[in-house]
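*Asks:*
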Amino acid sequence: ERYIVYLCHSNLTCAGWGDRQHGIFSAYLLSLVTNRTFKVDMQSPCPLSKLYHPRLLNWKINQTEFEGLSSTHLYALNDRRFRESVKIIDFDEEYPQDVVYLTTNYDYFYNIKANPIYKNIFRQK
Numbered sequence: 290e291r292y293i294v295y296l297c298h299s300n301l302t303c304a305g306w307g308d309r310q311h312g313i314f315s316a317y318l319l320s321l322v323t324n325r326t327f328k329v330d331m332q333s334p335c336p337l338s339k340l341y342h343p344r345l346l347n348w349k350i351n352q353t354e355f356e357g358l359s360s361t362h363l364y365a366l367n368d369r370r371f372r373e374s375v376k377i378i379d380f381d382e383e384y385p386q387d388v389v390y391l392t393t394n395y396d397y398f399y400n401i402k403a404n405p406i407y408k409n410i411f412r413q414k
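In my numbering, the protein residues as written are 290 to 414.
1. Looking at chain D, is there any beta carbon in it that lies within less than 7 Å of the beta carbon of Gly307?
2. Taking 6 Å as the limit between beta carbons, can you name the residues of its chain near Asp330, skipping five residues before and five after?
3. How do the stretch 382 to 396 and the stretch 347 to 367 stand: do at least 3 beta-carbon pairs fall below 8 Å, yes or no?
4. My understanding is that Trp348 touches Lys328, with C-beta atoms under 8 Å, so please give their C-beta distance in whole angstroms.
5. Between which residues of its own chain and Glu373 is the CB-CB distance below 8 Å, once the five residues before and five after are set aside?
6. Go through its chain and collect everything with a Cβ distance to Ala316's Cβ below 8 Å, but skip five positions before and after it.
7. Have a look at Phe314 and Asp396 and give me their C-alpha separation to the nearest angstrom.
8. From the DSSP secondary-structure annotation, give me the bridge partner or partners of Ser360.
9. Hey, which unbroken runs of the beta strand (DSSP E) at 3 residues or more fall wholly within the stretch 306 to 358?
10. In the DSSP assignment, the beta strand (DSSP E) including Tyr295 goes from what residue to what residue?
11. Out of Pro405, Ser320, Gln386, point me to the one whose CA is closest to Phe355's CA.
12. Start and end of the alpha helix (DSSP H) containing Ala403?
Encoded structure:
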């Protein structure tokens, strides 16, 4: 199993609440088009689970589920270059790790939708 995890901890700059919602949404979209499991690890300014509880999708992290898995962290806050790259890259080819942690404040919907690799997925869902 492979994962995309929206990551926001106190040692990272994550921007404001609205920006975090953009980031969570973008991570979720990437999980859909890459067929990865979506998770959220937001601990700052408080754990997200104090405000929201999973309903249809369990986005909470069980720390042991990532043991032994390869990972990378994409820190893409205000990163226009990464946002533009989402239009053309094969995400899984570019980031083959089992777990991709993503910190971003952009909404990637139109960029993902413009990517020829993922266009058909948007028609299906």
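Backbone N, C-alpha and C fix where the C-beta goes; we use that ideal spot for every residue, glycine too.
*Replies:* The structure says:
1. Of the protein chains in this structure there is only one, and it is not chain D.
2. Val294, Leu296, Ile350
3. yes
4. 5 Å
5. Asn400
6. Ile293, Val294, Tyr295, Phe327, Val329, Leu391, Thr393
7. 7 Å
8. Val388
9. 326 to 331
10. 292 to 297
11. Gln386
12. 398 to 403
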